[in-house]
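J.: Numbering (my numbering), first residue to last: 33 to 247. Just so it is clear, CB atoms sit at the ideal spot from N, CA and C, and this is done for glycine as well. Sharing a structure, written as structure tokens. Questions coming.
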């Protein structure tokens, strides 16, 4: 709980009150139980990361991670690079920022943490990571860097095995490389993944694209 509480506070821009934290970590506790559990957790957390690392604002009654101190958090680094890429108009710099972002990110975010607060954060980061990879894959395809495109697509499919756009880009990269065997293999993977994970058959659009590229 102490480790999870640390990461929870780290994700919050303005901290949280004791009651807000209690609803997340001890939803079934009575007021007296919550007071005891909360005090123990904050005490242990401050013992672990330093008393000055966890701040209390008496005006708002919120507890927060002290972001004024020297620290490094890979999620913030990822988001910084991702947002820079998103807002950058210069294509080479945009690509550099996206490449930096995907190097930083480690999927999935806090896999051992099952708290209800963590899942939305996990999903949001995963979507951004996926979007960055797809952008890089499409860029590499347009630069005729077919192997690089395939590698980025594989990274997407490792986290989203039914991502249709990743398969489309992979088809094009294989066809551009005149690699008929790989094109067939990727389509078979597409069919298998759809059946296994979604109990679906291939879409008409994807099948038509595959047949067109197969010739």
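Report the rounded CA-to-CA distance for residue 57 versus residue 147, giving the unit in angstroms.
T.: Their Cα atoms are separated by approximately 8 Å.
J.: Would you give the residue range spanned by the alpha helix (DSSP H) that residue 96 belongs to?
T.: Careful: residue 96 lies outside any alpha helix (DSSP H), inside the beta strand (DSSP E) at 94 to 97.
J.: Indicate the three-state DSSP secondary structure (helix, strand or coil) for residue 88 in the structure shown.
T.: Strand at residue 88.
J.: Specify whether the stretch 186 to 200 and the stretch 155 to 166 touch according to this definition: at least 3 beta carbon pairs, one from each stretch, less than 8 Å apart.
T.: The stretch 186 to 200 is in contact with the stretch 155 to 166.
J.: What residues in its chain sit with their C-beta under 8 Å from that of residue 113, if we drop five residues either side in the sequence?
T.: Excluding residues within five positions, the ones whose Cβ falls inside 8 Å are 129, 130, 132, 133 and 136.
J.: Suppose contacts are defined by Cβ-Cβ distances below 8 Å. Is residue 207 in contact with residue 182 by that definition?
T.: Not a contact, by the Cβ cut-off of 8 Å.
J.: Distance check for residue 96 and residue 90, CA to CA, integer angstroms please.
T.: Approximately 12 Å between the Cα atoms of the pair.
J.: Please name the residue, chosen from 175, 198 and 82, that lies closest to residue 124 on a Cα-to-Cα basis.
T.: Comparing Cα positions, the closest option is 175.
J.: Could you name each continuous beta strand (DSSP E) segment of 3 residues or more that falls completely within the stretch 46 to 133, going from the start of the chain to the end?
T.: Qualifying beta strand (DSSP E) stretches, in chain order: 86 to 89 and 94 to 97.
J.: For residue 235, does the three-state DSSP call read helix, strand or coil?
T.: Note: residue 235 maps to coil in three-state DSSP.
J.: Suppose contacts are defined by Cβ-Cβ distances below 8 Å. Is residue 185 in contact with residue 202 by that definition?
T.: It is a contact, given that the beta carbons lie within the stated cut-off.
J.: Indicate the three-state DSSP secondary structure (helix, strand or coil) for residue 190 in the structure shown.
T.: Helix at residue 190.
J.: Output the distance between the C-alpha atoms of residue 233 and residue 226, rounded to the nearest integer angstrom.
T.: Each residue's alpha carbon lies about 6 Å from the other.
J.: From the DSSP output, in three-state form, read off residue 141 for me.
T.: Coil, per DSSP.
J.: Suppose contacts are defined by Cβ-Cβ distances below 8 Å. Is residue 145 in contact with residue 39 by that definition?
T.: A contact, by the Cβ cut-off of 8 Å.
J.: Label residue 247 either buried or exposed according to how many other C-beta atoms from any shown protein chain fall within 10 Å of its C-beta, with 16 as the threshold for buried.
T.: With fewer than 16 Cβ atoms within 10 Å of its Cβ, residue 247 is classed as exposed.
J.: Please return the same chain residues whose Cβ sits closer than 7 Å to the Cβ of residue 126, not counting the five positions on each side in sequence.
T.: For residue 126, where only same-chain residues beyond five positions count, the Cβ hits under 7 Å are 117 and 120.
J.: Ends of the alpha helix (DSSP H) at residue 228?
T.: Careful: residue 228 lies outside any alpha helix (DSSP H) and carries neither H nor E.
J.: Residue 206 lies in the alpha helix (DSSP H); which residues open and close that run?
T.: Its alpha helix (DSSP H) spans residues 196 to 208.
J.: Residue 176 lies in the alpha helix (DSSP H); which residues open and close that run?
T.: Residue 176 -> no alpha helix (DSSP H), and no H or E assigned at all.
J.: Excluding five sequence neighbours on each side, which residues of the same chain lie with their C-beta closer than 8 Å to the C-beta of residue 274?
T.: In the structure displayed, the chain extends from 33 to 247; residue 274 sits before or after that span and is not available.
J.: Residue 164 and residue 172 - do their beta-carbons sit closer together than 8 Å?
T.: Result no, Cβ atoms of residue 172 and residue 164 do not sit closer than 8 Å.
J.: Could you pull out every residue in the same chain whose Cβ sits closer than 6 Å to the Cβ of residue 50, ignoring the five residues on either side in sequence?
T.: The answer, listed in chain order, is 70.
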